[in-house]
Every structure is written in C-alpha cells, then in structure tokens.
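Heads up: the structure comes next, in structure tokens.
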Amino acid sequence: MKHHNLRYWIALKFVDGVGNVGFKTLVDALGSPQNVFQENINTLRMVPGIGEKTAGRIKAFNDWEKVEREMETAHKMNVSIATFQDPQYPKALLNIYDFPPFLYVKGILGENDINVAVVGSRAASTYGKFSTERLCRELAMHGITVVSGMARGIDSAAHRGALAGKGRTIAVLGSGLDVVYPPENEKLFLEIAAHGAVITDFPFSTPPHGPNFPARNRIISGISHGVVVVEAGEKSGSLITARLALEQGREVFAVPGSIDTAGSRGTHKLIKQGAKLIENVYDVLDEILPQLDRELQVKFLQAKNSPQDNAAQEKGTPAAAEVSGLSDAETSVLKQVSSKPVNVDSIIVSTGLKANDVLSILLNMELQGLVRQLPGKIFVRKE
Numbered sequence: 000m001k002h003h004n005l006r007y008w009i010a011l012k013f014v015d016g017v018g019n020v021g022f023k024t025l026v027d028a029l030g031s032p033q034n035v036f037q038e039n040i041n042t043l044r045m046v047p048g049i050g051e052k053t054a055g056r057i058k059a060f061n062d063w064e065k066v067e068r069e070m071e072t073a074h075k076m077n078v079s080i081a082t083f084q085d086p087q088y089p090k091a092l093l094n095i096y097d098f099p100p101f102l103y104v105k106g107i108l109g110e111n112d113i114n115v116a117v118v119g120s121r122a123a124s125t126y127g128k129f130s131t132e133r134l135c136r137e138l139a140m141h142g143i144t145v146v147s148g149m150a151r152g153i154d155s156a157a158h159r160g161a162l163a164g165k166g167r168t169i170a171v172l173g174s175g176l177d178v179v180y181p182p183e184n185e186k187l188f189l190e191i192a193a194h195g196a197v198i199t200d201f202p203f204s205t206p207p208h209g210p211n212f213p214a215r216n217r218i219i220s221g222i223s224h225g226v227v228v229v230e231a232g233e234k235s236g237s238l239i240t241a242r243l244a245l246e247q248g249r250e251v252f253a254v255p256g257s258i259d260t261a262g263s264r265g266t267h268k269l270i271k272q273g274a275k276l277i278e279n280v281y282d283v284l285d286e287i288l289p290q291l292d293r294e295l296q297v298k299f300l301q302a303k304n305s306p307q308d309n310a311a312q313e314k315g316t317p318a319a320a321e322v323s324g325l326s327d328a329e330t331s332v333l334k335q336v337s338s339k340p341v342n343v344d345s346i347i348v349s350t351g352l353k354a355n356d357v358l359s360i361l362l363n364m365e366l367q368g369l370v371r372q373l374p375g376k377i378f379v380r381k382e
C-alpha cells in the first residue's frame, strides 16, 4: 500500500472507540480510511455502530505526529504493514468476527502458507518441549507453517522445531514488534523473522500486558487451519486459544500426557470434550488436508510425498564418524537404542542418567537423524 494512504489506516486505528469492527464498517461504507477522515460528521455518525461520540473523535483527531513516528519506526525496523485489503494479509483471518484492520509484519507472510498453531504451557516439562520440537520439526518438513506465540516453554519449542525442520514459522506477539518478550528470545525473534514472520496488531512500544494475550490468541487461531495444544493446565491460556479455534471453526488437537501431571489436565479435558488426540504428525496432516482448496492440496501433497526426511532415509545408518563424535552420556544412551524398540524408562534405568538428561539427549539425536521416536516414548535406531 502507498505510504500516503497508510497513514490514514494507522490514524483511524488510533482513534478511541473505533475498534476493529467499527474500522471495517467505516471502510466498507466510505471506501477507505482516507475518505473516513475527509467525510463530514453527519455522514460519519449515520454509519451503523459509529454514533455521534465516535464520529466526533474521528473529526477531532489531530495527532499526526504520532502517526508519523509509527511509520518511521516501521521503516527503521524494516517492518511492513499489511492491511486487510492487501494480498499478503492472511485470508483465513478475514473469516473471524473482529479481525484486525492491519498487521505489523517483520519478515514475510506467505500467501499460500498452510498454517497449524502449536501452543501450550510456559512452564513446560522436558517431555512437553521434546514432543513439541519433534512434532513441529515434522510438520515443517511436510510443508506446514508452524504458528505460535513465542512465549517461554511450548511456544518457543514449537518455533525451534519448525526451524530445525528447515520450514517456515510465524510468531504472533502480544506486544509491539519493538518489545521482544520474553527478552531472552531476541535471537529466536530474529531467526523467526528470517524464516517466516513475526506479527502483531499492537502498535510499537506496546508492553506485553496480560489483557493483550487473549487478543493475540485469536490471531494465532484465526490464521491457522488447526490448533495443537501440548501440555496445558486447567487454567492455561492455551485453552483460550483452543476455545477461540472452536468458535472460529478450526480443528483442535491435543497431545496426551501423564495422568499424574497437573500440566496435562487441560489437554486431557480438551480430549474429553472432543479434541482429536494426536500421537504423530500424520494425525494432524490427515485432518488438515480436506480443509485446503485444490491448489493448496497439491502443494501439500508434493511436500508430503517428497519431504526433506526422504533424504535422511536414503542416507541409511549414520556414519561411524558421526557416532564417534558423541559425548560419553550420548554414547551411553545410543548404545541402548537399536533396531528393536525400547522404552525411554528402560534407557534411563540402563544408563543411570537423569530422566531430563536422557530426554534431552534423545531429542538432539532425533534431530541429528540418529534415532526415531514412536508413539508412547518408544525409540528405535534410525536405519
């Protein structure tokens, strides 16, 4: 969109009382945000849902310096602004009730992205992060763009898994794009922007306050064909995302966990309520495919039939040089894994290592192509 017109989009978003629905109503009625500001107050107040007070605020708006600062910051940060009239604006988002009039975008939003959201607890267990990275790596290898919120725990693991699978990933923030939260994810922020996009509908300098996250969650589910919940307590914010997904007509999936773990109660509740229990990537893919239009189905099937892991399968058993470079702990774990499936508990007992250390080592080995995980935390040597 032209620079001159964009300032009116930003300005109208800054007017108190307009809101997302009012913004769309005004643009539909008058053609563009520029026309809205140029229209007389009598016409504005006659637009359904606007009224005298909001019409008066539109006519009284004069903080154009704030608008220019917003545009200057976007330029300095190499951030684009995608309005709902632009082709790069996610088409799926247009189907939710209160979609944002525009998005701030650091990176590139693909017009043909097939998005699946993966969300969960910030206080994730090692198993939860392990399962998330594995699932998202495989989704990425099959051409799926992984969407999450870049929070600690499951969200960060989702993005890292997608990046490990050499795929695209999108982070949706509950703050301005110049406010990286959590701060330790600054490097991850840059990696996501380089291999996908970091997006928000909040203006620059907006801090990550609590009320922002339910609004952020509606975008996560809104741009996605389905939402996978991994580890969520009974009051987890991820359940809000799942509820929004159902309201928006999206598929909801849940990864089962231990019945003794509080962090699994939310996901188990979702399964009881009808969410699809998933054990592997194909449980997600088989549900997503029928939702896609024919063009995207072809793209998906091409990726599924020739994923990057085909190359790994052709390589056969890892070379001795790769195995010989392992640490003592890694070597100890790998010795317990053969072509015969073995449970992770057996590996822990046999090696004498801590459970968290074993799970971490197995995750790294899976990413390196040394082992493969089967449902139920069963591992085999990758041949």
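Residue numbers 0 to 382, in numbering that gives the first Met the number 0, belong to the letters of the sequence shown in order.
We put the beta carbon where it would ideally sit given N, CA and C, even for glycine.
Being a predicted model, the structure only gives us computed values, none of them experimental.
Contact between M76 and K52 does not hold, since the beta-carbon distance rounds to 34 angstroms and is not under 8 angstroms. For R215, the enclosing alpha helix (DSSP H) begins and ends at N211 to G221.
Annotation note: the region 322-355 contains the following uninterrupted alpha helix (DSSP H) runs of length 4 or greater, listed N- to C-terminal: 327-334 and 343-350. Annotation: L93 to F83 spans about 7 angstroms, alpha carbon to alpha carbon.
Within the model, the alpha-carbon separation for I287 versus R167 is close to 17 angstroms.
For Y103, the secondary structure class from DSSP, reduced to helix, strand or coil, is strand. The residue among A116, G18 and D356 with its C-alpha nearest the C-alpha of G221 is A116.
Using a Cβ distance threshold of 8 angstroms, V178 and H158 do not count as a contacting pair. Here DSSP, grouped into helix, strand and coil, assigns Q37 to helix. Around the CB of H224, 16 or more other CB atoms lie within 10 Å, so the residue is classed as buried.
The Cβ neighbour count for V348, taken over all protein chains shown within 10 Å, is under 16; the residue is labelled exposed. Runs of the alpha helix (DSSP H) lying entirely within the region 60-112, each at least 4 residues long, are 63-75 in chain order. CA-CA distance, G262 to I218, rounds to 24 angstroms. Three or more Cβ pairs drawn from the region 178-194 and the region 133-150 lie within less than 8 angstroms of each other, which places the two stretches in contact. Considering only P99, G175 and H194, the residue with the shortest C-alpha distance to I143 is H194. Within 10 angstroms of the beta-carbon of N279 lie fewer than 16 other beta-carbons, which makes it exposed.
V229 sits close to S130, with the two beta carbons spaced by under 8 angstroms.
Around the beta carbon of Q37, fewer than 16 other beta carbons sit within 10 angstroms, so the residue counts as exposed. Assignment of beta-bridge partners to G195 by DSSP yields T168.
N342 sits close to K376, with the two beta carbons spaced by under 8 angstroms. Per DSSP, E183 lies in no alpha helix (DSSP H) and is assigned neither H nor E. In this structure, the straight-line span from the alpha carbon of A54 to that of P100 is close to 18 angstroms. The three-state secondary structure of N4, taken from DSSP, is helix.
Less than 8 angstroms separates the beta-carbon of E250 from that of K275.
Restricting attention to A91, T199, A123 and S79, the CA atom closest to the CA of D112 is found in A91. Rounded to the nearest whole angstrom, the CA to CA distance from G109 to A161 is 15 angstroms. The beta carbon of P47 sits closer than 7 angstroms to those of T24, all from its chain and outside the five residues before and after it, given in chain order.
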